[in-house]
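Trainee:
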Amino acid sequence: MRPVPPAPHAWPLMGHLVPLVRGPLAFLKSLPVRGALVRVRMGPVPLVVICDPEPTCQALVDDRVFDKGGPVFDRFRDVLGDGLSSCPHPAHRRLRRLAQPAFHPDRLPRYARTMTACIQEVTGSWTPGRTLDVPTEMMSITSRVTAATLFSESLSAAELGQLIGDVKTIAGGVFRRMLLVPPLDRLPTPGNRAHLRARRRLRRTCDLIIAERRADGTDHGDLLSALVAARDLEDGGRGMTDWPFLYGIAQRTGDCRSSVLVTEKPPNERL
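Just so we're aligned, residue 163 is where the sequence shown starts under this note's numbering, counting upward by one.
(1) Using a threshold of 7 Å, state whether the C-beta atoms of H357 and G335 are closer than that.
(2) Going by alpha carbons, who is nearest to V202 out of E321, P174, S302 and R306?
(3) Restricting to runs no shorter than 3 residues, where is the beta strand (DSSP E) found entirely within the region 206 to 239?
(4) According to DSSP, simplified to helix, strand and coil, what is M301?
(5) Return the Cβ separation of H266 and D225 in integer angstroms, given the expectation that the two are a contact with Cβ distance under 8 Å.
(6) So V180 is in the alpha helix (DSSP H); what residue range does that whole segment cover?
(7) I need the straight-line Cα distance from R306 to T367, nearest angstrom please.
(8) Less than 6 Å separating the Cβ of W173 from some heavy atom of the ligand PLP?
(9) Could you have a look at V202 and say whether DSSP puts it in helix, strand or coil?
(10) So what does DSSP say about P250, is it helix, strand or coil?
(11) Looking at the structure shown, is P194 part of a helix, part of a strand, or coil, going by DSSP?
(12) Please tell me whether G197 and P167 are closer than 7 Å, where the distance is taken between their beta carbons.
(13) Do the CB positions of A392 and P263 come within less than 7 Å of each other?
(14) Suppose you measure from the CA of S318 to the CA of Y273; what does that come to, to the nearest Å?
(15) Do you know offhand how far L209's Cα is from F235's?
(16) Take T331 as the anchor and find which of W288, L346, R355 and D381 has the nearest alpha-carbon.
(17) So, are the CB atoms of P194 and C213 less than 7 Å apart?
(18) W173 bridges to which residues according to DSSP?
(19) Between the alpha carbons of T351 and R359, how many angstroms are there, rounded?
(20) Ends of the alpha helix (DSSP H) at H357?
(21) When we look at the beta-carbon of T293 and count the other beta-carbons within 10 Å, is it buried (16 or more) or exposed?
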């Protein structure tokens, strides 16, 4: 087997953290010329970046061999929670079964009405001639949709606004937090302090709402009601012991919407 070539521009101790943080897209686009597999370092952690469609497909499809583990996914779970997109293979099937009832066709019309109202609330503030930051606006829409669809009437307007702000703070710093190796992620920088405050506040809010819903036992017609009520009949009727949805949804969906809007008018890609 041929050795995996290293990526250039590694820094002492930091590895490729600096070029990746400064210009992630440019750094990643520079790797395929090195080969189908390229070796990089995130601080002291060695990683292999796949730059070819065939091995990429194998890694994504065969999750028994290419399971979600290692330092990068450990950091991912630390930042975003242990959800369907980050849990290891043995836990994935159970979490998927628990989540499926929340997306039953009978529940979708109510979700759609909530989503429409949230979208109209954001887009209604757009005025002719105003310059918009597309990723920021899409994140705003997605955060509102996610919170309202999950929590329904459980939050006041002020609480919902605070929760949306916390989601934006966490999601906005996900990439950098994943790249920070301990103990850099614990330094008292403004970004780290803001992230930890938002995360503690969000977790406290979510835990309180979940406890109230479990005690109440009423179906409010939202995602959270379905998730709290979910039971895995193949696993002794166990339910979800933790709630991992909110952390990751906003960032990924916001990015997807931004990409869709940009690709509808290809000349905008250069901007």
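The beta-carbon is built from N, C-alpha and C at its ideal position, and this holds for glycine as well.
Mentor: On the basis of the data shown:
(1) Residue mapping note: residue 357 aligns to position 195 of the sequence shown, counting from 1. Residue mapping note: residue 335 aligns to position 173 of the sequence shown, counting from 1. Going by C-beta atoms, H357 is nearer than 7 Å to G335.
(2) Walking along the sequence shown from the start, residue 202 turns up at place 40. That would be P174, whose Cα lies nearest to the Cα of V202.
(3) The qualifying runs are 207 to 212.
(4) Residue 301 sits at position 139 when you count from the first residue of the sequence shown. Looking at M301 - three-state DSSP - the assignment turns out to be helix.
(5) Translated into positions along the sequence shown, residue 266 becomes position 104. Translated into positions along the sequence shown, residue 225 becomes position 63. Actually they do not touch by this definition, with Cβ atoms about 25 Å apart.
(6) In the sequence shown, the residue the question calls residue 180 occupies position 18. L179 to R184 is the span of the alpha helix (DSSP H), which, as asked, contains V180.
(7) By 1-based counting over the sequence shown, the position of residue 306 is 144. By 1-based counting over the sequence shown, the position of residue 367 is 205. Distance between the alpha carbons of R306 and T367 is about 16 Å.
(8) The ligand PLP is not among the ligands present in this structure, which contains no ligands whatsoever.
(9) Position 40 of the sequence shown, counted from the first residue, corresponds to residue 202. In the structure shown, V202 sits in a strand (DSSP, three-state: E or B).
(10) Residue mapping note: residue 250 aligns to position 88 of the sequence shown, counting from 1. Residue state, collapsed to three classes: coil.
(11) On the sequence shown, position 32 is the one that residue 194 refers to. The answer is helix: DSSP assigns P194 an H, G or I state.
(12) If you number the sequence shown from 1, residue 197 lands on position 35. If you number the sequence shown from 1, residue 167 lands on position 5. Yes, the Cβ-Cβ distance between G197 and P167 is below 7 Å.
(13) One-based indexing of the sequence shown puts residue 392 at position 230. One-based indexing of the sequence shown puts residue 263 at position 101. Against a cut-off of 7 Å, the Cβ pair of P263 and A392 comes out as a contact.
(14) In the sequence shown, counting from the first residue as 1, residue 318 sits at position 156. In the sequence shown, counting from the first residue as 1, residue 273 sits at position 111. Near 19 Å, if we compare the C-alpha coordinates of Y273 and S318.
(15) For the purposes of this step, residue 209 is identified with residue 47 of the sequence shown, where counting begins at 1. For the purposes of this step, residue 235 is identified with residue 73 of the sequence shown, where counting begins at 1. The alpha-carbon atoms of L209 and F235 are separated by roughly 12 Å.
(16) Numbered from its first residue, the sequence shown carries residue 331 at position 169. The residue from W288, L346, R355 and D381 with its alpha-carbon nearest to that of T331 is R355.
(17) Position 32 of the sequence shown, counted from the start, is the residue given in the question as residue 194. Position 51 of the sequence shown, counted from the start, is the residue given in the question as residue 213. Yes, the Cβ-Cβ distance between P194 and C213 is below 7 Å.
(18) Residue 173 sits at position 11 when you count from the first residue of the sequence shown. W173 pairs with G177.
(19) Against the sequence shown, residue 351 aligns to sequence position 189. Against the sequence shown, residue 359 aligns to sequence position 197. Their Cα atoms are separated by approximately 12 Å.
(20) Working through the sequence shown from its first residue, we reach residue 357 at position 195. Start and end: P352 to D378.
(21) One-based indexing of the sequence shown puts residue 293 at position 131. T293 comes out exposed.
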